[in-house]
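Novice: Chains as they are written, first to last, in our numbering: chain B, 1 to 275; chain R, 1 to 326; chain H, 1 to 150; chain U, 1 to 346. By construction, the Cβ of each residue, glycine as well, lies at the ideal position given by its N, Cα and C atoms.
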Amino acid sequence: MINETLIPKVGVITDIRKDTPDVKTFRVVGTDGKKLFQHMPGQCAMVSIPGVGECMFSITSSPTNEEFMEFSIKKCGCVTEVLHALEVGAQVTVRGPYGKNFPVEEDFKGKDLLFIAGGIGLAPLRSVINYVRHYRANYGKVVIVYGARSKDDLVDIDEIQNEWVNEPNTEVYLTIDRPQDGWDGHVGFVPAYVKELGLDPNMTAVLCGPPIMIKFTLQGLLELGFDKSRVYTTLELRMKCGVGKCGRCNVGDKFVCKDGPVFRMTELDELPDEY
Amino acid sequence: MKDVELKMLERAKALLQSGEVARVIGWKKGEFCYDPAPASFESVEEMENGFVYNWFCGANLSKYLIQMAKKEGKTAVFLKPCDTYSFNQLVKEHRINRENVYVIAVECLAKLDVEKMKAKGVSFITDVEVVDKDVKVTTAYGVETLYKPDVVLSKCAVCTKTHQVKDEEIILHERPEREVNRFEEVEKLEAMTEDERFAFWREQLSKCIRCNACRNVCPACSCVKCVFDNPASGIAAKANDDKFEEQLFHIIRAFHVSGRCTDCGECSRVCPQNIPLHLLNRKFIKDIDTLYGEYQAGEESEGKTPLTTYTEGDTEPNDVFNGEAK
Amino acid sequence: MQEVTEKKEFTPTIVAFCCNWCSYAGADLAGSSRLTYPANVKIIRVPCSCRVNPMFVLKAFQQGADGVILCGCHPGDCHYVTGNYYTRRRMALLYSFLNYMGIEKERTRLEWVSAAEGARFSAVMNDFVKQVAELGENKRLTDLRVKEGE
Amino acid sequence: MLKIAKERLNELYAKINESMGLFIPVKKAGEVNYAVWSEGKEVSLETLKTVKSPKNMFFPQTENMMKFKQEGKNIEVVDVRRDYVEEGKLFVLFGVKACDYKAIEVLDKVFLAEPIDTYYQNRRNATTIVTLACSRPEESCFCRVFDIDATAPQGDVTTWLDNEYLYWQANTEKGEALTALVKDLLEEGGEKEVEAQKEATKVIIDKLPFSNLDLSKFQPENLNELFEAKEWEEMSEACLGCGTCTFVCPTCQCFDIRDFKTHEGVIRYRCWDSCMYSDFTLMAHGNSRTTQMQRFRQRFMHKLVYYPSQNDGLYSCVGCGRCVNKCPQNLNIVKVIKTLGGKDND
Chain B
1 MINETLIPKV GVITDIRKDT PDVKTFRVVG TDGKKLFQHM PGQCAMVSIP
51 GVGECMFSIT SSPTNEEFME FSIKKCGCVT EVLHALEVGA QVTVRGPYGK
101 NFPVEEDFKG KDLLFIAGGI GLAPLRSVIN YVRHYRANYG KVVIVYGARS
151 KDDLVDIDEI QNEWVNEPNT EVYLTIDRPQ DGWDGHVGFV PAYVKELGLD
201 PNMTAVLCGP PIMIKFTLQG LLELGFDKSR VYTTLELRMK CGVGKCGRCN
251 VGDKFVCKDG PVFRMTELDE LPDEY
Chain R
1 MKDVELKMLE RAKALLQSGE VARVIGWKKG EFCYDPAPAS FESVEEMENG
51 FVYNWFCGAN LSKYLIQMAK KEGKTAVFLK PCDTYSFNQL VKEHRINREN
101 VYVIAVECLA KLDVEKMKAK GVSFITDVEV VDKDVKVTTA YGVETLYKPD
151 VVLSKCAVCT KTHQVKDEEI ILHERPEREV NRFEEVEKLE AMTEDERFAF
201 WREQLSKCIR CNACRNVCPA CSCVKCVFDN PASGIAAKAN DDKFEEQLFH
251 IIRAFHVSGR CTDCGECSRV CPQNIPLHLL NRKFIKDIDT LYGEYQAGEE
301 SEGKTPLTTY TEGDTEPNDV FNGEAK
Chain H
1 MQEVTEKKEF TPTIVAFCCN WCSYAGADLA GSSRLTYPAN VKIIRVPCSC
51 RVNPMFVLKA FQQGADGVIL CGCHPGDCHY VTGNYYTRRR MALLYSFLNY
101 MGIEKERTRL EWVSAAEGAR FSAVMNDFVK QVAELGENKR LTDLRVKEGE
Chain U
1 MLKIAKERLN ELYAKINESM GLFIPVKKAG EVNYAVWSEG KEVSLETLKT
51 VKSPKNMFFP QTENMMKFKQ EGKNIEVVDV RRDYVEEGKL FVLFGVKACD
101 YKAIEVLDKV FLAEPIDTYY QNRRNATTIV TLACSRPEES CFCRVFDIDA
151 TAPQGDVTTW LDNEYLYWQA NTEKGEALTA LVKDLLEEGG EKEVEAQKEA
201 TKVIIDKLPF SNLDLSKFQP ENLNELFEAK EWEEMSEACL GCGTCTFVCP
251 TCQCFDIRDF KTHEGVIRYR CWDSCMYSDF TLMAHGNSRT TQMQRFRQRF
301 MHKLVYYPSQ NDGLYSCVGC GRCVNKCPQN LNIVKVIKTL GGKDND
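1. Report the three-state DSSP secondary structure of F255 (chain B) (helix, strand or coil).
2. Go ahead and label G136 (chain H) buried or exposed: buried means 16 or more other beta carbons lie within 10 angstroms of its beta carbon, across all protein chains shown.
3. Am I right that C112 (chain R) and F56 (chain R) are in contact with their C-beta atoms under 8 Å? What's the rounded C-beta distance?
4. Check each candidate in R:G303, R:E115, R:I104 and name the one with the smallest Cα separation from A4 (chain R).
5. Does the distance from the C-beta atom of Y37 (chain H) to that of N126 (chain H) stay below 8 Å?
6. Suppose you measure from the CA of A284 (chain U) to the CA of C249 (chain B); what does that come to, to the nearest Å?
7. Would you mind sorting I267 (chain U) into buried or exposed? The rule is 16 or more other CB atoms within 10 Å of its CB.
8. Between which two residues does the beta strand (DSSP E) containing K136 (chain R) stretch?
9. So, under 8 Å CB-CB, Q62 (chain H) and F244 (chain R) are touching, yes? Tell me the CB distance rounded to an integer number of Å.
10. Can you list, in chain order, the residues of its chain with a C-beta nearer than 6 Å to that of G342 (chain U)? Leave out the 5 residues immediately preceding and following it.
11. Nearest chain H C-beta to A325 (chain R) closer than 8 Å, yes or no?
12. Could you tell me whether the Cβ atoms of A119 (chain R) and V152 (chain R) are closer together than 8 Å?
13. What residues in the segment 247-271 of chain U have a beta carbon less than 7 Å from any beta carbon of chain H?
14. Within 10 angstroms of its Cβ, does Q161 (chain B) collect 16 or more other Cβ (buried), or is it exposed?
15. Assign R270 (chain U) to one of three DSSP states: helix, strand, or coil.
16. Y34 (chain R) and I96 (chain R): beta carbons closer than 8 Å?
17. If you draw a straight line from the C-alpha of G67 (chain H) to the C-alpha of H278 (chain R), how long is it?
18. Could you check which residue in U:M293, U:L48, U:N224, U:A150 has the C-alpha nearest to that of E31 (chain U)?
19. Apart from the five residues on each side of it in sequence, which residues of its chain come closer than 6 Å, Cβ to Cβ, to L223 (chain U)?
20. State the DSSP-derived secondary structure class of S40 (chain R), mapped to helix, strand or coil.
21. Does the segment 80-91 of chain R touch the segment 215-228 of chain R, meaning 3 or more C-beta pairs lie closer than 8 Å?
22. Thinking just about the alpha-carbon of each residue, which of U:T151, U:P115, U:P209, U:V334 is nearest to the one in E4 (chain B)?
23. Output the distance between the C-alpha atoms of I144 (chain B) and V172 (chain B), rounded to the nearest integer angstrom.
24. Interface residues of chain U around K147 (chain H) at Cβ under 9 Å?
25. Spell out whether any CB of chain H is found under 8 Å from the CB atom of V257 (chain R).
26. Going by beta carbon distance, what residues of the same chain come within less than 8 Å of Q298 (chain U), once the five residues before and after it are set aside?
27. Residues bridged to G58 (chain R) by DSSP?
28. Chain U beta carbons: is any one of them nearer than 8 Å to that of T20 (chain B)?
29. Of all Cβ atoms in chain R, is any one closer than 8 Å to the Cβ of K55 (chain U)?
30. For V172 (chain B), which beta-bridge partners are listed by DSSP?
31. Quick check: is the beta carbon of R136 (chain U) nearer than 8 Å to any beta carbon in chain R?
32. Could you give the C-beta distance for G319 (chain U) and I104 (chain U), rounded to a whole number, given that I count them as a contact under 8 Å?
33. Look at L334 (chain B) and L174 (chain B) and say whether their C-beta atoms are less than 8 Å apart.
34. Could you tell me which residues DSSP puts in a beta bridge with R258 (chain U)?
35. At the level of alpha carbons, what is the spacing between S23 (chain H) and S114 (chain H)?
36. Answer yes or no: do V145 (chain U) and K245 (chain B) have a C-beta to C-beta separation smaller than 8 Å?
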């Protein structure tokens with residue numbers, strides 16, 4: 001009998017990193033110690049704890065990492081609550097990869113790239129940023145704008161401050177919503193910061209974060225002269241099957257699990273406003 | 001029936017025109033003569049274009065008031081005798097603000113069940129006319145006459161209800177007085193052996209497709225979040241994966257509405273598999289009547305229900321089987 | 001003959017919901033007085049018999065109980081003054097209703113057991129277990145999935 | 001053309017049942033649904049519409065997908081799928097009407113698209129479908145709108161029923177194999193009777209009130225215009241948010257995946273779900289459809305616009321009319337088509 005995508009593989013959690021008060025990054029490998037499956041930046045996987053439930057998460061680690069996969073997960077529902085209570089060595093089930101990836105090998109190639117993330121929105125972007133770093137010569141200038149509620153809510157701050165900022169031809173801008181002791185960086189919301197920075201509108205932009213942030217940041221980008229056809233974002237809806245059959249994440253003629261989660265802004269314009 | 005409809009239309013239009021009410025809840029014409037749908041009307045034009053009151057207006061409109069009566073302005077509603085009990089019960093449970101509603105009590109000489117008519121073999125119905133106890137059905141295959149008591153909704157078959165609340169009434173034909181025992185079917189089941197009863201319910205409930213129509217239509221099921229939709233309850237489910245879940249759903253639902261169920265019969269009317277769900281609720285009603293004194297939910301819009309009160313000399317649960325509830 | 005032996009071997013699973021203030025103390029007293037009751041009675045302590053939602057009773061059956069018994073303070077003695085009066089009405093209706101659905105009436109019971117009635121607790125449990133054992137396994141109100149693989 | 005006398009149908013069922021599982025409309029507690037045939041069951045081929053559609057046979061309302069055994073921290077995934085063809089366990093689905101047969105085609109496009117749903121495929125491959133032509137369509141039928149010929153359904157075998165005979169015509173290899181199995185019970189003849197029945201039924205279909213619904217407006221290019229239509233509010237006003245329409249619908253295919261804890265481990269099963277339910281799109285941090293209007297709109301937009309634009313214009317409605325008959329408050333797809341469909345609907 002042919003393989004059934006709905007039947008998951010067993011994964012072992014080999015490392016848990018506490019990024020922020022409510023975000024943990026889980027490192028997962030197969031029971032044989034090897035990476036469970038290959039993926040591309042932006043793709044997702046279904047992680048489940050049998051008896052609790054199954055949820056779609058974006059794969060945070062870069063495909064170029066041959067050893068393991070990582071998921072940065074925010075505690076906000078039934079499944080994530082139980083996930084956060086797990087310890088290293090615990091087993092979960094994983095199936096995937098699902099969805100369309102960022103066009104890193106097509107549209108992104110040779111371009112200057114702008115990554116804008118808010119809060120946990122960094123999770124899907126980390127995968128693509130690290131992919132770009134790995135094949136650095138294929139891409140132009142990289143600008144990263146990342147904001148969170150406070151400095152404690154910045155996910156992966158170590159990697160950003162120790163590695164990303166040192167990359168050649170790369171600019172990193174961090175911001176937090178409100179002033180805070182021990183923070184001497186920029187303070188303010190991402191959309192305003194983006195406008196302040198006066199970014200080059202010829203860059204290809206990737207946006208990820210809460211819907212309200214995406215809405216206003218996009219407005220800002222358009223004001224700066226960005227073209228919608230070169231702005232990408234990711235959508236998130238309730239999913240169960242991951243392969244466009246259960247009907248849950250259907251918006252217009254698209255299924256977010258299958259046709260997304262990565263969408264070009266011009267594609268979103270054609271969809272009914274229901275996401 | 002046409003005369004009643006015209007009178008209703010006239011009154012509703014007057015109320016809308018005078019600005020006394022902002023909207024009227026009634027029934028709207030469907031595709032056939034037998035499928036009117038509940039609807040709200042906000043203007044005279046809307047009323048003239050679509051309003052209908054006929055032999056098939058069985059739907060209980062009281063539950064819609066939970067949402068509608070929250071809107072700006074007063075809402076007028078047409079309530080049949082059985083619907084007024086649900087209305088009172090909802091007022092009692094603070095789901096509806098009585099002051100926001102203008103109740104027009106309308107006559108009802110029983111409503112017809114098109115599924116029962118179709119089960120008698122008529123199909124491709126183009127017209128239905130009722131004269132006394134004859135239901136004359138015109139179909140593309142010919143004309144047939146059915147006996148009305150055979151094809152009324154099950155809730156109407158044993159109805160002796162009268163309007164419990166009204167701001168005005170539209171009653172052009174008096175309903176003849178009659179003696180019926182609404183517990184007859186329950187008694188039949190009680191007279192069976194345990195095995196027979198189990199087999200009866202097993203067969204009926206095995207048809208359940210868990211569409212939740214009975215729950216969603218039920219005026220007593222007015223919880224904002226139902227226990228069956230709440231993952232934390234441990235019994236949330238979308239389908240009956242096991243026969244146990246069929247039983248569980250209906251037992252819990254019947255229990256949750258016990259003492260509050262007005263026997264409006266909507267559950268049985270809407271069931272796509274025609275499970276006689278009213279027989280579940282009626283058992284509770286009958287037991288309450290026998291054990292704690294006659295009680296009809298919805299007769300009043302305040303006071304306690306049998307399950308929120310007690311007396312010191314209540315029957316012991318173990319004694320219920322010794323014939324006291326039967 | 002063989003049938004009879006099989007029946008005798010059946011030990012029913014009994015769930016007993018016991019009110020914290022009377023019946024649970026009664027069970028304690030039974031224990032400390034060395035009065036025995038069968039080990040297959042699983043006691044679930046509840047703050048008041050009134051805490052027992054009808055759903056608990058059904059859940060117990062779902063999870064494999066063959067009989068469910070509810071024990072509370074004697075009417076008039078409720079720690080919360082009136083809780084058990086409500087219990088009495090609720091369970092009277094529930095038990096009657098379950099029987100109406102064809103569930104054997106011997107599978108459900110309600111008893112009032114005070115903290116001083118250790119002997120009575122033991123007697124009640126022994127009697128109920130015997131009653132359910134005679135009836136056999138609960139097949140009418142149980143979830144087959146739960147028992148899968150057993 | 002072959003035929004078998006009506007009173008010998010039980011012999012036919014018994015013969016099929018000797019070597020294959022037989023699913024057929026059976027009356028139970030007053031309602032007719034597809035069920036496993038066995039001697040003594042009350043078969044009702046005459047019933048125009050079973051309450052549930054035969055989709056239940058390929059896509060059951062609940063279906064166990066896998067089991068998990070847990071020991072300490074270890075999880076073992078147990079595949080519980082069955083390849084019926086390999087096991088030699090075959091089925092016959094008997095008496096499928098033209099609309100329901102078309103609905104299976106609609107489901108195929110979902111479940112047999114890559115990645116193939118093997119649960120569905122295993123059942124589908126193991127089943128021979130015997131269709132039955134309609135001879136007494138009723139007012140809620142509108143299959144002709146979707147170019148379905150109720151008088152000559154496709155399928156592995158097509159049958160026609162009149163007062164005396166069941167007429168039999170094999171269309172495919174599977175159908176031929178089934179015919180070979182029961183050939184001793186069949187006799188030659190019936191062409192004339194079948195032709196006469198087809199003609200007579202077509203006359204009725206012409207007269208059906210919904211036979212000429214205009215779907216011209218439901219085109220992918222009108223997606224956003226239809227989505228924004230102000231009429232949705234009014235059309236959905238009486239909607240109870242129950243799942244009746246979705247569960248009786250032969251093409252609705254949304255499902256939920258859930259876990260159930262047993263004494264031994266966990267069963268993961270899937271079950272039908274309904275986009276009409278308030279928690280269908282509920283996530284931990286929000287719900288993309290918060291009103292019943294949005295959920296109502298989703299169901300009909302999916303059937304009439306979204307699905308066709310994904311599947312070369314094939315509508316995800318087959319005009320069976322079950323929702324017309326079963327909606328507790330008499331809302332249905334016909335009202336939507338009439339309101340939004342096109343100018344020829346008046």
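Specialist: Answer, in terms of the structure:
1. Three-state DSSP puts F255 (chain B) in a strand.
2. Per the 10 Å Cβ criterion, exposed.
3. This sequence places Leu at residue 112 (chain R); Cys is not what is there. Yes, they are in contact, since the Cβ atoms of L112 (chain R) and F56 (chain R) sit about 6 Å apart, within 8 Å.
4. It is worth fixing the name first, because residue 4 (chain R) is Val in this sequence and not Ala. Closest by alpha carbon: R:I104.
5. Against a cut-off of 8 Å, the Cβ pair of N126 (chain H) and Y37 (chain H) comes out as a contact.
6. Distance between the alpha carbons of A284 (chain U) and C249 (chain B): 15 Å.
7. The Cβ neighbour count for I267 (chain U), taken over all protein chains shown within 10 Å, is at least 16; the residue is labelled buried.
8. Bounds of the beta strand (DSSP E) holding K136 (chain R) are 134-139.
9. Contact between Q62 (chain H) and F244 (chain R) holds, with the beta-carbon distance rounding to 6 Å and staying under 8 Å.
10. Residues D214, S216, K217 of the same chain have their beta carbon placed closer than 6 Å to that of G342 (chain U), with the five preceding and five following residues left out of the count.
11. Confidence in A325 (chain R) is poor, its pLDDT being 48 and thus under 50, which makes the residue's placement unreliable; the coordinate value appears in the next sentence. True, the Cβ-Cβ gap to chain H drops below 8 Å.
12. Going by C-beta atoms, A119 (chain R) is not nearer than 8 Å to V152 (chain R).
13. Against chain H - using a Cβ distance shorter than 7 Å - the residues of the segment 247-271 of chain U are F260, T262, H263, E264, I267.
14. Burial call: exposed.
15. It is a strand residue.
16. Pairing Y34 (chain R) with I96 (chain R) gives a Cβ-Cβ distance that is not under 8 Å.
17. Between the C-alpha atoms of G67 (chain H) and H278 (chain R) there is a straight-line separation of about 28 Å.
18. Looking from the CA of E31 (chain U), the closest CA among U:M293, U:L48, U:N224, U:A150 belongs to U:L48.
19. Counting only Cβ-Cβ distances below 6 Å, and skipping sequence neighbours, we find V305.
20. In the three-state reduction of the DSSP assignment, S40 (chain R) falls in the strand class.
21. Verdict: yes, contact present.
22. Taking each of U:T151, U:P115, U:P209, U:V334 in turn and checking the Cα distance to E4 (chain B), the smallest one comes out for U:P115.
23. Near 5 Å, if we compare the C-alpha coordinates of V172 (chain B) and I144 (chain B).
24. Per Cβ cutoff of 9 Å: T262, H263, E264.
25. The C-beta of V257 (chain R) comes no closer than 8 Å to any C-beta of chain H.
26. For Q298 (chain U), the CB contacts under 8 Å within the same chain, skipping 5 residues up- and downstream, are C275, R289 in chain order.
27. G58 (chain R) is not bridged to any residue.
28. So no, T20 (chain B) is outside the interface.
29. With 8 Å as the cut-off, K55 (chain U) does not count as an interface residue toward chain R.
30. Answer by DSSP bridge pairing, in chain order: B:I144.
31. Cβ-Cβ to chain R under 8 Å: yes for R136 (chain U).
32. Wrong, their Cβ atoms sit about 15 Å apart, outside the cutoff.
33. Beyond the ends of chain B as shown, which are 1 and 275, falls residue 334 (chain B); an answer cannot be given.
34. DSSP output for R258 (chain U) lists U:Y269 as bridge partner(s).
35. Rounded to the nearest whole angstrom, the C-alpha separation of S23 (chain H) and S114 (chain H) is 6 Å.
36. Result no, Cβ atoms of V145 (chain U) and K245 (chain B) do not sit closer than 8 Å.
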